[in-house]
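Each residue of the sequence shown is one higher than the one before, starting from 1 at the first, in the UniProt record's numbering. First the structure, in the form of structure tokens, and then the observations on it.
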Amino acid sequence: MHSDDFFDLVDRLAIADRIESASEVIGDFTRAWGLHNVAYAALNMPAPGAAPRPLLSVTYSPEWQKHYAQSGYVDLDPIVRAGLGGILPIDWAEIDRGDPIIRKFFGEALELDVGANGLSIPIRGRTGEFALFSVTSDQSESDWRAMKRELIRDLMVVAFNFHAAALRACGAEEEPATHLPLREASCLRWKALGKTDDEIGRILGISPHTVRFHLESARARLQTANTTHTVAKALAVGLINMSYEPSHLIPKKRR
């Protein structure tokens with residue numbers, strides 16, 4: 001997905017205040033990446049308008065949704081369990097399928113058009129809410145492996161922005177933006193644009209080691225799991241401006 005199109009999509013998510021409008025944006029993301037399904041489920045949403053049952057937005061077939069509910073899969077879903085037990089992206093292919101019940105779960109999911117491959121992003125909010133944002137694909141195993149690394153980066157940004165839209169839709173207050181020093185924000189901005197530490201260092205006239213220092217400092221400041229998570233959160237709460245880089249941060253070329 002072209003970076004300009006991607007950040008236009010993120011900007012649209014940032015102003016969405018209804019699940020329906022946010023879901024329309026996610027539909028564009030899904031088509032751009034050639035994905036098959038997308039699902040968002042949230043628990044304990046911190047808002048007066050939040051329903052006592054999970055908040056759901058899914059494109060799975062009605063047959064799978066009905067079968068999932070009737071089979072009581074919410075209590076044994078290995079993807080949900082992995083999300084509740086960790087903070088990192090979940091590649092469905094890496095989930096242990098030694099248990100016959102888990103093999104049956106994935107077999108039925110494939111049969112009912114969920115998708116052959118999947119990635120899920122666990123999200124934990126400041127007031128105890130938990131959400132899981134998932135996408136699936138019917139690509140071949142080799143094609144899926146080839147696109148997965150880049151997809152995870154974009155998916156984390158989209159997942160956190162969709163969750164922020166869901167909070168707004170429920171009437172929750174936005175998380176106050178934490179101040180980021182200009183250099184940290186600049187390094188995160190270039191990371192969001194896909195630059196390596198070495199490339200960022202050359203752009204800003206600093207060493208790759210200093211770039212990593214600023215990224216780690218931002219990660220600690222925002223209490224995130226890794227750099228991708230830091231970029232996603234910084235975008236979600238408006239701490240980096242993708243269309244503007246302060247000119248004084250970029251060293252002038254010598255004549």
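Note that beta-carbon positions come from the ideal geometry of N, C-alpha and C, so glycine has one too.
For Val-25, the closest C-alpha among the options Leu-188, Gly-34 and Leu-9 is that of Leu-9.
Collapsing the DSSP output to three states places Tyr-40 in a strand. One thing to note: Met-242 has its Cβ within 9 Å of the Cβ of Phe-7. In this structure, the alpha-carbon of Val-80 lies about 16 Å from that of Asn-37. Going by DSSP, Val-157 is part of no beta strand (DSSP E) but of the alpha helix (DSSP H) stretching over 141 to 169.
DSSP places Arg-12 in the helix class (H, G or I) of the three-state scheme. Within the model, the alpha-carbon separation for Ala-169 versus Thr-210 is close to 40 Å. Restricting attention to alpha helix (DSSP H) runs no shorter than 4 residues, the UniProt domain "HTH luxR-type" (173 to 238) encloses them at 182 to 192, 197 to 204, 208 to 222 and 227 to 236, ordered along the chain.
Looking from the CA of Leu-84, the closest CA among Ala-109, Leu-112, Phe-130 and Ala-32 belongs to Phe-130. Contact between Phe-105 and Pro-122 fails: their C-beta atoms lie close to 19 Å from each other, not under 8 Å.
With fewer than 16 other Cβ atoms inside 10 Å of its own Cβ, Val-74 counts as exposed. Distance check between Ala-42 and each of Ala-164, Glu-111 and Arg-149 places Ala-164 closest, using alpha-carbon atoms only. Beta-bridge partners of Leu-76 (DSSP): none assigned. Non-local C-beta neighbours of Leu-112 in its own chain, meaning closer than 7 Å and more than five positions away in sequence, comprise Ser-61, Glu-63, Trp-64 and His-67, ordered along the chain.
In this structure Leu-188 touches Val-231 by the C-beta definition: roughly 5 Å separates them, less than 8 Å. Between Trp-190 and Ile-206, the C-beta gap is not smaller than 9 Å, which leaves the two residues out of contact.
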